Amino acid sequence: MASPITKETIQHLAKLARLELTPNEEKQMLADLSKILAYFDELQTLDTSRVRPMTGGTTLKNVFREDTAAGETNRGAGVNAFPESKDGFLKIPPVFSAEGGSLPGRQAGASGEETT
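According to the UniProt record's numbering, the sequence shown is numbered sequentially starting from 1.
Next comes the structure, spelled out in structure tokens:
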């Protein structure tokens, strides 16, 4: 039989999970966890001696779909749906600045290292 869940156990678990539980939530959690542990105790009584251990999620091995060519996607529709494009390419804001290669929101320090 599993050890009983106490109010202190619930408060400790809540602290570890950084949860702030109301007294009603503590009561509900205590009841729920007690039921769950009681169910596990019930499962422990089952005879599983004739059940083969399951070592994987499925008995299927190396199942692959047929490698067939699919039709091309409509590239134009994707480009047209993008906010800005140029010569068929998608245009995005610059990722690196021209004066030092730092990322947006970061500044290069005196030694060239990025700082936040």
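Ideal Cβ positions, reconstructed from N, Cα and C, are used throughout, including at glycine. Keep in mind that this is a model prediction, so the values were computed, not measured.
**OP:** Return the chain-ordered ranges of every alpha helix (DSSP H) run that is complete within the stretch 5-67 and spans a minimum of 4 residues.
**Re:** Counting only runs of 4 or more residues that sit fully inside the stretch 5-67, the alpha helix (DSSP H) segments are 7-16 and 23-44, in chain order.
Subject >> methionine 54 versus valine 63 - alpha carbon distance >> reply: Counting from 1 along the sequence shown, the entry for residue 54 is found at position 54. Counting from 1 along the sequence shown, the entry for residue 63 is found at position 63. Taking the straight line joining both Cα atoms gives about 19 Å.
**OP:** Mind reading off the beta-carbon distance from leucine 21 to methionine 29? Whole number of angstroms is fine, and I expect it under 8 Å.
**Re:** On the sequence shown, residue 21 is found 21 positions in, with the first residue counted as 1. On the sequence shown, residue 29 is found 29 positions in, with the first residue counted as 1. Correct: roughly 7 Å between the Cβ atoms.
Subject >> Where isoleucine 10 falls, given that 16 or more other Cβ within 10 Å makes a residue buried >> reply: Taking the first residue of the sequence shown as 1, we reach residue 10 at position 10. In summary, isoleucine 10 is buried, with 16 or more beta-carbon neighbours lying within 10 Å of its beta-carbon over all protein chains present.
**OP:** Could you work out which residue in Ala70, Gly88, Gly71 and Ala69 is closest to glycine 78 when comparing CA atoms only?
**Re:** For the purposes of this step, residue 78 is identified with residue 78 of the sequence shown, where counting begins at 1. When C-alpha distances from glycine 78 are compared across Ala70, Gly88, Gly71 and Ala69, the shortest belongs to Gly88.
Subject >> Cβ-based neighbour list, serine 34, same chain, cut-off 6 Å, excluding 5 preceding and 5 following >> reply: The residue labelled residue 34 in the question sits at position 34 within the sequence shown. Within the same chain, serine 34 has close Cβ partners Ile5.
**OP:** For my contact list, serine 85 and lysine 91 are in at a C-beta cut-off of 8 Å; report their separation, rounded to the angstrom.
**Re:** On the sequence shown, position 85 is the one that residue 85 refers to. On the sequence shown, position 91 is the one that residue 91 refers to. Rounded, the Cβ-Cβ distance is 6 Å, consistent with contact.
Original post:
From leucine 13 to alanine 31, what distance separates their C-alpha atoms?
Top reply: Reading the sequence shown from its first residue, position 13 is the one you call residue 13. Reading the sequence shown from its first residue, position 31 is the one you call residue 31. The alpha-carbon separation between leucine 13 and alanine 31 amounts to approximately 14 Å.
Original post:
Considering only the beta carbon of each residue, do lysine 7 and glutamate 25 sit closer than 8 Å?
Top reply: The count along the sequence shown starts at 1 and reaches residue 7 at position 7. The count along the sequence shown starts at 1 and reaches residue 25 at position 25. With respect to the 8 Å criterion, lysine 7 and glutamate 25 are not classified as neighbours on the basis of their beta carbons.
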